[in-house]
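These notes concern the structure reproduced below.
Chains as they are written, first to last, in the numbering used here: chain A, 365 to 447; chain B, 365 to 447; chain C, 1477 to 1635; chain D, 1477 to 1635.
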């Protein structure tokens, strides 16, 4: 599964993209975030406060209970500030 | 006193401008309109329904009870339709 | 700033001139009015805009000043044409610039709403059935009334 | 219509292209967003706009489609830049055209309000103190919330 990071989530994680093999017992966004947090302190810090994290799957906004497929493109990023 | 007409008020009166010598007993816009109405059927028709007549004195909107001076420029016209 | 002219105007050039070299402006809103080819179900061939020279400028300047009193504008512009226009021609331009977009939007809408009921212009439409003076629209009066101030701002409120 | 691009745009040319040969359009409203030189009291030297290619286009197209569902627009356009910008640079353009000006004003404001909270762009501001990611503003969320539909339009309202 492709996971992308943007803005300060990207700078805190330290890179823009991961390829993640989702464990079988992990089926939703919340589970993916737990997997990521366990990858190291950079991830744990970046993903500490989920109030400041937005999630998109295949270019659409989703909530934490959204189910994931191995072919999904997941993106994690802060609230947007364009315009 | 200079009196100007615009739009269909001008076409109904038949010309764009009059020079009016205001009788001494006429002191306000309402009185001026009575003087004009008496000038002929073209004026009487144009000024029949005052709901559709707007009045400006020296380029500002005024009401029918506005006092007039001999040096005033008075304009009579329909509700505006620009923009 | 206001202008009354027979000639066409270029909205992009006006917007650019108003904002050139200004880094204190967050948002610019423009309204461009265009002559439509239909009045109800009648096809319009042309339109002639009559105006009252002198009063037009005075009324537009007062409306522009009122917008600048009500909102923190960095710049504002009203351009209104007169004379003969064809369907598709530009007729009026309002541009407002402000550090904050809400002020720019509100002021732009206020300016077009108020000038439609206060600036002395009259449209003569030419259709196949002849030439007709356009009637003032209740819609426009309602739109302008949105911007009436509460009683505290009216000159006679203290009486 | 939407476009995401690094290059500058010309508001006047975009407005003209959207309305050329159209005599069914009564009013065109545009909003141009410009990079300001101040963030609070800090002087901004430059700004870099990061975005999420693919998702940006999808979200902007959905917002544009929603505007066209809500209002009777003759045409609409959103152009948003990314990359490095300087104070005074144009950053975003929204243009809406409609037979009636209220629809054009409302749709333009809706588009800028919604894209500010939904389009995946992030601003990195460079000041003397260093580079900082801009924080999302409560103001912008409040502005976007103005356009939320009543319960009947929400997908879960029937539950």
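Don't be surprised by glycine CBs; every beta carbon is placed ideally from N, CA and C.
Computed from a predicted model, the values in this text were never measured in an experiment.
Classification of residue i by the beta-carbon crowding that lies within 10 angstroms, buried from 16 upward
i, result
"residue 1532 of chain C", "buried"
"residue 1599 of chain C", "buried"
"residue 1591 of chain C", "buried"
"residue 339 of chain A", "Outside the shown range of chain A (365 to 447) lies residue 339 of chain A, about which nothing can therefore be said."
"residue 410 of chain A", "buried"
"residue 1572 of chain D", "buried"
"residue 379 of chain A", "exposed"
"residue 353 of chain A", "Residue 353 of chain A lies beyond the range of chain A shown here (365 to 447); nothing can be said about it."
"residue 424 of chain A", "exposed"
"residue 435 of chain B", "exposed"
"residue 1529 of chain D", "exposed"
"residue 1557 of chain D", "buried"
"residue 1579 of chain C", "buried"
"residue 1432 of chain D", "The requested residue 1432 of chain D does not occur in the structure, where chain D is confined to residues 1477 to 1635."
Residue-level contact to chain A via CB, residue i, 8 Å cutoff
i, result
"residue 1516 of chain D", "no"
"residue 1560 of chain D", "no"
"residue 1606 of chain D", "no"
"residue 1610 of chain D", "yes"
Short CB-CB distance (under 8 Å) between residue i and chain D
i, result
"residue 391 of chain A", "no"
"residue 444 of chain A", "yes"
"residue 410 of chain A", "no"
"residue 1505 of chain C", "yes"
"residue 439 of chain A", "yes"
"residue 1593 of chain C", "no"
"residue 1585 of chain C", "yes"
Closer than 8 Å to chain B by CB, residue i
i, result
"residue 1603 of chain C", "no"
"residue 1633 of chain C", "Unreliable positioning characterises residue 1633 of chain C in this predicted model, as indicated by a pLDDT of 32, which lies under 50. A coordinate reading is not provided."
Neighbourhood of residue i by C-beta distance below 7 Å, restricted to the same chain and skipping five residues each side
i, result
"residue 1629 of chain D", "Per-residue confidence for residue 1629 of chain D stands at a pLDDT of 44, beneath the threshold of 50, marking its modelled position as unreliable; the derived number appears in the next sentence. Taken in chain order, the list of residues that qualify is empty."
"residue 433 of chain B", "none"
"residue 376 of chain A", "406, 409 and 410"
"residue 1563 of chain D", "1511, 1512, 1513 and 1520"
"residue 1518 of chain D", "1603 and 1605"
"residue 1487 of chain D", "1506, 1508 and 1569"
Minimum Cβ-Cβ distance from residue i to chain C less than 8 Å
i, result
"residue 435 of chain B", "no"
"residue 1588 of chain D", "yes"
"residue 1624 of chain D", "no"
"residue 395 of chain B", "no"
"residue 1539 of chain D", "no"
"residue 1512 of chain D", "yes"
"residue 402 of chain B", "no"
"residue 387 of chain B", "no"
Beta-carbon contacts of residue i that lie in its chain and below 6 Å, excluding the five residues immediately before and after
i, result
"residue 1507 of chain D", "1570, 1584 and 1588"
"residue 1521 of chain C", "1602"
"residue 1635 of chain C", "Here residue 1635 of chain C scores only 30 on pLDDT, less than 50, and its place in the model should not be relied on; the value that follows carries that caveat. Correct list: empty, nothing qualifies."
"residue 1536 of chain D", "1478, 1554 and 1595"
"residue 1524 of chain D", "1560 and 1600"
"residue 1636 of chain C", "Because chain C is modelled from 1477 through 1635, residue 1636 of chain C falls outside the range shown and cannot be assessed."
"residue 386 of chain A", "365"
"residue 441 of chain B", "370, 371, 373 and 418"
Cβ-based neighbour list, residue i, same chain, cut-off 8 Å, excluding 5 preceding and 5 following
i, result
"residue 393 of chain B", "419, 421, 426, 427, 428, 429, 430, 432 and 438"
"residue 1495 of chain D", "1501, 1504, 1551 and 1573"
"residue 396 of chain A", "365, 367, 384, 386, 390, 432 and 438"
Closer than 7 Å: residue i CB and nearest the ligand MN heavy atom
i, result
"residue 1609 of chain D", "Within the structure as shown, the ligand MN is missing, as the structure has no ligands at all."
> Just by C-beta distance, which residues in the stretch 1518-1532 of chain D are closer than 9 Å to chain A?
Replying inline: Taking 9 Å as the upper bound on Cβ-Cβ separation, chain A lies near residues 1525, 1526, 1527, 1528, 1530, 1531 and 1532 of the stretch 1518-1532 of chain D.
> When you check each C-beta in the stretch 1572-1583 of chain C against every C-beta of chain D, which residues fall closer than 8 Å?
Replying inline: Against chain D - using a Cβ distance shorter than 8 Å - the residues of the stretch 1572-1583 of chain C are 1575, 1577, 1578, 1580 and 1581.
> Of all the residues that make up the stretch 1484-1503 of chain D, which are near chain C by a beta-carbon distance shorter than 9 Å?
Replying inline: Within the stretch 1484-1503 of chain D, 1486, 1487, 1488, 1489, 1490, 1491, 1492, 1495, 1496, 1497, 1498, 1499, 1500, 1501, 1502 and 1503 place their CB atoms closer than 9 Å to a CB of chain C, listed in sequence order.
> Mind pulling the beta strand (DSSP E) runs of 3 or more residues that sit fully within the stretch 1492-1574 of chain C?
Replying inline: Taking 3 residues as the minimum length, the beta strand (DSSP E) runs contained wholly in the stretch 1492-1574 of chain C are 1503-1510, 1518-1527, 1551-1557, 1559-1561 and 1566-1574, in order along the chain.
> What residues from the stretch 1546-1570 of chain D come within 8 Å of chain A, judged by C-beta to C-beta, listed N to C?
Replying inline: Listed in sequence order: 1556, 1567 and 1568.
>> Counting only Cβ-Cβ distances shorter than 9 Å, please list the residues of the stretch 368-381 of chain A near chain D, keeping chain order.
In response: So the list reads 368, 370, 371, 372, 374 and 375, given in the order they occur along the chain.
> If contact means a Cβ-Cβ distance below 9 Å, which residues of the stretch 414-436 of chain B contact chain C?
Replying inline: Listed by position along the chain: 416, 418, 420, 422, 423, 424 and 425.
> In the stretch 1570-1605 of chain D, which residue ranges form an unbroken alpha helix (DSSP H) of at least 4 residues, counting only runs that do not cross its ends?
Replying inline: With a minimum length of 4 residues, the continuous alpha helix (DSSP H) runs that stay inside the stretch 1570-1605 of chain D are 1577-1594.
>> At 4 residues or longer, what runs of the alpha helix (DSSP H) sit wholly inside the stretch 368-435 of chain B?
In response: List check, alpha helix (DSSP H) in window: 371-377, 393-401 and 405-410.
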